[in-house]
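Enquirer: In my numbering, each number is its position in the sequence shown, counted from 1, plus 278.
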Amino acid sequence: MSRTILIMAGGTGGHIMPGLAVAEEMRAAGWEVVWLGAKGGMEER
279 MSRTILIMAG GTGGHIMPGL AVAEEMRAAG WEVVWLGAKG GMEER
């Protein structure tokens, strides 16, 4: 059974960049990462 984590971040790089770093580490540890952000926001890029 896989483990899944939801990461929600948006608005500015000050929120998105740490969220991405956590997501990368969680994926490396075998977790499935689901990202939730605002449509059209910086995080969509």
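All C-beta atoms, glycine included, are put in the ideal place defined by N, C-alpha and C.
Alpha carbon to alpha carbon, how far is residue 305 from residue 311? Give it in angstroms, no decimals.
Expert: Approximately 7 Å between the Cα atoms of the pair.
Enquirer: Does the beta-carbon of residue 321 have 16 or more other beta-carbons within 10 angstroms, so that it is buried, or is it exposed?
Expert: Buried, because 16 or more other Cβ atoms sit within 10 Å of the Cβ of residue 321.
Enquirer: Can residue 383 and residue 282 be called in contact, C-beta distance under 8 Å?
Expert: For the chain, the structure presents residues 279 to 323; residue 383 sits outside this window and is missing.
Enquirer: Between residue 316 and the rest of its own chain, which residues show a CB-CB distance below 6 Å, the 5 nearest in sequence each way excluded?
Expert: Closer than 6 Å at Cβ, skipping near neighbours: 288.
Enquirer: Which residues mark the beginning and the end of the alpha helix (DSSP H) in which residue 303 is found?
Expert: Taken as a continuous stretch (DSSP letters only), the alpha helix (DSSP H) holding residue 303 covers 291 to 306.
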